[in-house]
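Chains A and B supply the protein sequences, listed in that same order.
1 is the number of the first residue of the first sequence in the working numbering; add one for each residue after it.
112 is the number of the first residue of the second sequence in the working numbering; add one for each residue after it.
Notes follow once the structure below has been shown.
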Amino acid sequence: MNGEPKPHLRADRSPRGHPGLMPIAPPRRRKVDCIDFVERITDYLEDAVADDDRAAIDRHLEACADCIRAIEQWRRVIALTGRLGQEDVDAVDAAARDELLAAFRAQPPAP
Amino acid sequence: MVSHAAVDFSDDGQLVEALRRRDEAAFVWLLDRYDASLRRVARTFVRTGASADEVVQETWLAVVTGIDRFEMRSTVKTWVFRILMNVARTRSVREHRNVPFSDLAAEAGEDAPSFAPDRFRSGLRLYRGHWDRGPEPWEEQPAERLEAAEALATVRRAIAALPDRQRAVVTLRDIDGWTAAEVCDLLEVSEANQRVLLHRGRGRVRQALEDAYLAAPV
């Protein structure tokens, strides 16, 4: 988000793991495809993406309204699903509860 | 006797010790804490309401008779919910139904992507994998419509129709508010696996909301 690096020359073309170039290589400007990102929305929301992945995703989101909409829809799904928990609680059956309390009382003492 | 109305048994050690003393307040506390949640989870594992209630009752009776043997190798919560799952599994075998989560094995169709592949562009490399037909703007509907009973019914139906493992994870995480770690512990899946199941489940609910929106736009 902040500190967006200036475009660099692609100095990251060096063989992977080359010891000499690694520390001075600029951040890789990894491309994020929407089709891949949408499968990572939950990872993204749960903070389960590596820092450089997150940076690439955030750059992508600056330019992709549909992916931002997809994230917003995931948030809405989570919120709506959560409402089921508030509405769906069944009344506890008094007879069933009495049976359980009776069973608890009838238990022999612990050894 | 001192009144123990405000006794808090959220410490597992104290709870188990009190249950072994047959302290009824401890059992009532446990019932109050998990009964609704067990019912909700049971409903996602067992498809009919009556049967789900029976599963919960059987679970509680197993807790009563099993507390002295509980070795505290997991939390009480995980232990109680494991019993629930075992009861539901046994019952589904007995009733010759193969629907409820046979060992929560992976199912066919579980890996379907969150958006159909044809909603993304193919062809030119520059655009490949980018949206062709983006998400429909159902979330922009006014709140009174988005949170209406029909929308919640759509969500409920979509969750009921999820593959078993997705349904279990979505129910525990998004309805019951379990942490990722608790779900991993109960279902014995990795964190990454848990997130995939959660994501796919949420994706299907999203699709159901989009379908409902397209079927009856404002």
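Glycine included, each C-beta is placed from N, C-alpha and C at the ideal position.
Query, Result
"What is the DSSP secondary structure of F231(B), counted as helix, strand or coil?", "strand"
"My output table needs one value for W75(B): the three-state DSSP class, helix, strand or coil.", "There is simply no residue 75(B) to check, as chain B begins at 112 and stops at 329 in what is shown."
"Would you report the Cα separation of C64(A) and I78(A), rounded to the nearest angstrom?", "22 Å"
"Could you tell me the alpha carbon to alpha carbon distance between F212(B) and M196(B), rounded to whole angstroms?", "At F212(B) the pLDDT is 46, less than 50, meaning the model places this residue with poor confidence and gives no usable figure here."
"Quick check on W336(B) - is its C-beta less than 8 Å from some C-beta in chain A?", "Chain B is shown only over 112 to 329; residue 336(B) falls outside these bounds and no answer can be derived."
"At a cut of 8 Å, does the segment 43–60 of chain A reach the segment 239–252 of chain B through at least three beta carbon pairs?", "no"
"Relative to the C-alpha of E250(B), which candidate in W140(B), V127(B), A292(B), A323(B) has its C-alpha closest?", "A323(B)"
"Excluding sequence positions up to five away, which residues of its chain have a Cβ less than 7 Å from the Cβ of D43(A)?", "V49"
"Tell me the rounded alpha-carbon separation between H310(B) and R230(B).", "18 Å"
"Assign D285(B) to buried or exposed, taking buried as 16 or more other Cβ atoms, counted over all protein chains shown, within 10 Å of its Cβ.", "buried"
"Tell me, please, whether the segment 163–173 of chain B touches the segment 267–275 of chain B by the rule of three or more beta-carbon pairs shorter than 8 Å.", "no"
"Within 8 Å of any Cβ in chain B, is that where the Cβ of A103(A) sits?", "yes"
"Would you kindly work out how many angstroms separate the C-alpha atoms of R315(B) and A227(B), rounded to a whole number?", "11 Å"
"For W242(B), name the three-state secondary structure that DSSP assigns.", "strand"
"So, with DSSP's three-state summary, where would you put W171(B)?", "helix"
"How about V280(B) and L308(B): do their beta carbons lie closer than 8 Å?", "yes"
"Assign D146(B) to one of two classes, buried (16 or more other C-beta atoms within 10 Å of its C-beta) or exposed (fewer than that).", "buried"
"To be precise: take each residue of the segment 133–159 of chain B, compare its Cβ to all Cβ atoms of chain A, and keep it if any distance is under 9 Å. Which residues remain?", "R133, E135, F138, V139, L142, D143, D146, A147, S148, R150, R151, R154"
"Using the Cβ count rule (16 or more neighbours within 10 Å means buried), how would you classify R180(B)?", "exposed"
"Tell me which residue opens and which closes the alpha helix (DSSP H) that W140(B) is part of.", "135–156"
"Mapping DSSP to helix, strand and coil, what is V49(A)?", "coil"
"At a CB distance below 7 Å, what residues from the segment 52–82 of chain A approach chain B? Give them in sequence order.", "D66, R69, A70, E72, Q73, W74, R76, V77, I78, L80, T81, G82"
"So that I know if they touch, is there some Cβ in chain B lying closer than 8 Å to that of D43(A)?", "yes"
"Which of the residues in the segment 271–291 of chain B, read from start to end, lie with their CB under 8 Å from any CB of chain A?", "V281, D285, I286, D287, G288, A291"
"Could you check where the alpha helix (DSSP H) with T290(B) kicks off and where it finishes?", "First-last for T290(B): undefined, no H or E at that position."
"Just to confirm, is the Cβ distance from L100(A) to L172(B) under 8 Å?", "yes"
"Would you list, in chain order, the members of the segment 244–258 of chain B that have their beta-carbon closer than 8 Å to a beta-carbon of chain A?", "G245, P246, P248, W249, E250, L257, E258"
"Report yes if the C-beta distance between D287(B) and R151(B) is below 8 Å; otherwise report no.", "yes"
"To which residues of the same chain is R193(B) closer than 7 Å at the C-beta, ignoring the five residues directly before and after it?", "L297"
"Under 8 Å between C-beta atoms, does W242(B) make it to chain A?", "yes"
"For V187(B), which residues of its own chain have a beta-carbon under 7 Å away from its beta-carbon, when the five flanking residues on both sides are left out?", "D123, L126, V127"
"With a CB to CB cut of under 8 Å and the five nearest residues on each side skipped, what residues in its chain are close to W74(A)?", "I41, T42, L45"
"Would the beta-carbon of E255(B) fall within 8 Å of that of E321(B)?", "no"
"Quick one: does R97(A) have its CB under 8 Å from some CB of chain B?", "yes"
"Report all residues from its chain with a CB closer than 7 Å to the CB of W190(B); omit the five preceding and five following residues, and keep chain order.", "F181"
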